[in-house]
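*Asks:* Using this note's numbering, the first residue of the sequence shown is number 243, and each one after it goes up by one. Virtual Cβ for every residue (Gly too), placed ideally from N, Cα, C.
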Amino acid sequence: MNKKYRKNIEKQKDIQEKIEELKLKQEMLKEEQVEMENTHVLKEYRSIDISIDDFLEMMRNYKKEEKQEKRKLQEMTHIKNHNNMEENHENQIEK
Numbered sequence: 243m244n245k246k247y248r249k250n251i252e253k254q255k256d257i258q259e260k261i262e263e264l265k266l267k268q269e270m271l272k273e274e275q276v277e278m279e280n281t282h283v284l285k286e287y288r289s290i291d292i293s294i295d296d297f298l299e300m301m302r303n304y305k306k307e308e309k310q311e312k313r314k315l316q317e318m319t320h321i322k323n324h325n326n327m328e329e330n331h332e333n334q335i336e337k
């Protein structure tokens, strides 16, 4: 392999590591956000007159929506990563 090719591969690896690191940070921030939202919801709950069953139903719906959004985001990220990998591969082949 030539030097330029190896350097390209190394750069890709470095970028992938940074991406993983940023994903981890993003996940931590999302968890923190959820905790803050839950705290907010609890404060709001205390200020309104609602049955526990209704509140639990609201929380279940919220969690369901959250999971759906997370899946969509993961699918979009996966597709984007796949497309980027294919594009990188094509670019390497062209060189």
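(1) For S289, does the three-state DSSP call read helix, strand or coil?
(2) Where does N326 sit, in a helix, a strand or coil, going by DSSP?
(3) If N244 and Q334 are in contact, beta carbons under 8 Å, what's the gap, nearest whole angstrom?
(4) Between M318 and N326, what straight-line distance do the alpha-carbon atoms span, to the nearest angstrom?
(5) Which value, in whole angstroms, describes the spacing of the CA atoms of M301 and V283?
*Replies:* On the basis of the coordinates in this document:
(1) helix
(2) helix
(3) That belief does not hold up - the Cβ atoms of N244 and Q334 are roughly 11 Å apart, past 8 Å.
(4) 12 Å
(5) 9 Å
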